[in-house]
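Visitor: Residue numbers (the working numbering), protein chains in the order written: chain D, 31 to 164; chain X, 292 to 448. For each residue, glycine too, the CB sits at the ideal point set by N, CA and C. Got a structure here, written out as structure tokens. Questions coming.
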């Protein structure tokens, strides 16, 4: 398990890099599972770019677990470093099995399969589990 | 001949509004063959001459840009002819649908376009301060679609 962050604020952090800089320092299809808990909303790159980059580094059959703040929660707007919020069906655009996924494929979205998409208890975030189609 | 430019066409192509008009479909890359002008709107200047465009369609496009709305509107003002119009759609801040797109960078309040019209209170207060070029609001509606603010503005030049 690699615990990544922007800087080594605690001893368990054993990998440092700025996720705003693309590409991330992992090779194509080199990772089995990514946990991205309340991260993408802090980045300058768009969540779409972050999802595309996760897609690149995950191996076929790998998985991404992700959480982002919902657009209509107070809590999601209390953090001064949040740049992005997500709708309740926010992952649909990533999955070509959904209408949004089909309509907006021209964004250059890498294709995912949505395994889970639900509100985290408390209602401030959307959870997702996604598998890259590759 | 009058030029209509459809900025960030996506899959919503527009036809010339009448005889004597030419419609140009623009997007960031040529994701379909009808796209005629490819340009990243974050890069200024846009590839049209001062005062060369009669009408701009900017439906659901500026919220995807890195540059702020004011800069995009000022550039639209530059390329439009005097009294040329922009037909604008932006996602409203208080609609769930606005947040289903992971590339939306900002969201509009219902009166955000007032800033661009010096005859409104907000336009008077912030227009010069923010470096906004002047427009006349022809119409604004928050009910034009499930999640969007629509405005038609005329360049005052």
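Give the residues of chain X in contact with residue 72 (chain D), contact being defined as C-beta atoms less than 7 Å apart.
Guide: Along the first chain, read from residue 1 onward, the residue named residue 72 (chain D) stands at position 42. Neighbours of residue 72 (chain D) on chain X: none; closest Cβ ~14 Å, over 7 Å.
Visitor: Under 8 Å: do the stretch 298-308 of chain X and the stretch 346-356 of chain X share three or more Cβ pairs, one atom per stretch?
Guide: Counting Cβ pairs under 8 Å, three or more are found: they touch.
Visitor: Keeping to the same chain, check which residues put their C-beta closer than 6 Å to that of residue 164 (chain D); ignore five residues upstream and five downstream.
Guide: The sequence position of residue 164 (chain D) within the first chain is 134, counting from 1. Answer for residue 164 (chain D): 90, listed in chain order.
Visitor: Can you list, in chain order, the residues of its chain with a C-beta nearer than 7 Å to that of residue 320 (chain X)? Leave out the 5 residues immediately preceding and following it.
Guide: Taking the first residue of the second chain as position 1, residue 320 (chain X) is located at position 29. The answer, listed in chain order, is 329.
Visitor: Give a yes or no on whether 8 Å exceeds the smallest Cβ distance from residue 125 (chain D) to chain X.
Guide: For this step, residue 125 (chain D) is matched to residue 95 along the first chain. No, its Cβ sits nowhere closer than 8 Å to a Cβ of chain X.
Visitor: Helix or strand or just coil, what does DSSP make of residue 350 (chain X)?
Guide: Within the second chain, residue 350 (chain X) is the residue found at index 59, counting from 1. Here residue 350 (chain X) sits in strand by DSSP.
Visitor: Taking residue 386 (chain X) and residue 438 (chain X) to be in contact with their CB atoms under 8 Å, please state how far apart those CB atoms are, rounded to whole angstroms.
Guide: One-based indexing of the second chain puts residue 386 (chain X) at position 95. One-based indexing of the second chain puts residue 438 (chain X) at position 147. Going by Cβ atoms, the distance from residue 386 (chain X) to residue 438 (chain X) rounds to 4 Å, so yes, they are a contact pair.
Visitor: Note down, one range per segment and in chain order, each alpha helix (DSSP H) of at least 4 residues found wholly within the stretch 94-157 of chain D.
Guide: Taking only runs of at least 4 residues, the alpha helix (DSSP H) segments lying wholly in the stretch 94-157 of chain D are 129-133.
Visitor: Roughly how many angstroms lie between the CA atoms of residue 157 (chain D) and residue 106 (chain D), to the nearest whole one?
Guide: Mapped onto the first chain, residue 157 (chain D) falls at position 127. Mapped onto the first chain, residue 106 (chain D) falls at position 76. Straight-line Cα distance between these residues: approximately 14 Å.
Visitor: Give me the DSSP bridge partner(s) of residue 35 (chain D).
Guide: In the first chain, residue 35 (chain D) corresponds to position 5, counting from 1. In the DSSP output, where bridge partners are listed per residue, residue 35 (chain D) has D:46.
Visitor: Report the residue from D:125, D:120 and D:97 whose alpha carbon sits nearest the alpha carbon of residue 152 (chain D).
Guide: Reading the first chain from its first residue, position 122 is the one you call residue 152 (chain D). The shortest Cα separation from residue 152 (chain D) among D:125, D:120 and D:97 belongs to D:97.
Visitor: Under the assumption that residue 294 (chain X) contacts residue 343 (chain X) (Cβ atoms under 8 Å), give the Cβ distance between them as a whole number of angstroms.
Guide: In the second chain, the residue the question calls residue 294 (chain X) occupies position 3. In the second chain, the residue the question calls residue 343 (chain X) occupies position 52. Contact holds; Cβ gap of about 7 Å.
Visitor: Using 8 Å as the limit for Cβ to Cβ distance, is residue 302 (chain X) near chain D?
Guide: Locating residue 302 (chain X) in the second chain gives position 11, where the first residue counts as 1. Cβ-Cβ to chain D under 8 Å: yes for residue 302 (chain X).
Visitor: Between the stretch 133-146 of chain D and the stretch 410-430 of chain X, can you find at least three pairs of beta-carbon atoms closer than 8 Å?
Guide: Contact between the stretch 410-430 of chain X and the stretch 133-146 of chain D is absent, because fewer than three Cβ pairs lie under 8 Å.
Visitor: Is it right to say residue 380 (chain X) is buried, meaning 16 or more other beta carbons lie within 10 angstroms of its own, or is it exposed?
Guide: Within the second chain, numbered from 1, the residue matching residue 380 (chain X) stands at position 89. Its Cβ being crowded by 16 or more others within 10 Å, residue 380 (chain X) is buried.
Visitor: In the structure shown, what three-state DSSP assignment does residue 385 (chain X) receive?
Guide: By 1-based counting over the second chain, the position of residue 385 (chain X) is 94. Coil at residue 385 (chain X), not helix or strand.
Visitor: Who does residue 316 (chain X) pair with in a DSSP beta bridge?
Guide: Looking up residue 316 (chain X) in the second chain gives position 25. Partner(s): X:297.
Visitor: Chain D beta carbons: is any one of them nearer than 8 Å to that of residue 331 (chain X)?
Guide: Residue mapping note: residue 331 (chain X) aligns to position 40 of the second chain, counting from 1. No, its Cβ sits nowhere closer than 8 Å to a Cβ of chain D.
Visitor: Is there a C-beta anywhere in chain X that falls below 8 Å from the one on residue 50 (chain D)?
Guide: Indexing the first chain from 1 puts residue 50 (chain D) at position 20. Answer no: the Cβ-Cβ gap between residue 50 (chain D) and chain X never drops below 8 Å.
Visitor: How would you write the range of the beta strand (DSSP E) that residue 445 (chain X) sits in, first residue to last?
Guide: Counting from one through the second chain, the residue named residue 445 (chain X) turns up at place 154. Unbroken beta strand (DSSP E) run through residue 445 (chain X): 439-446.
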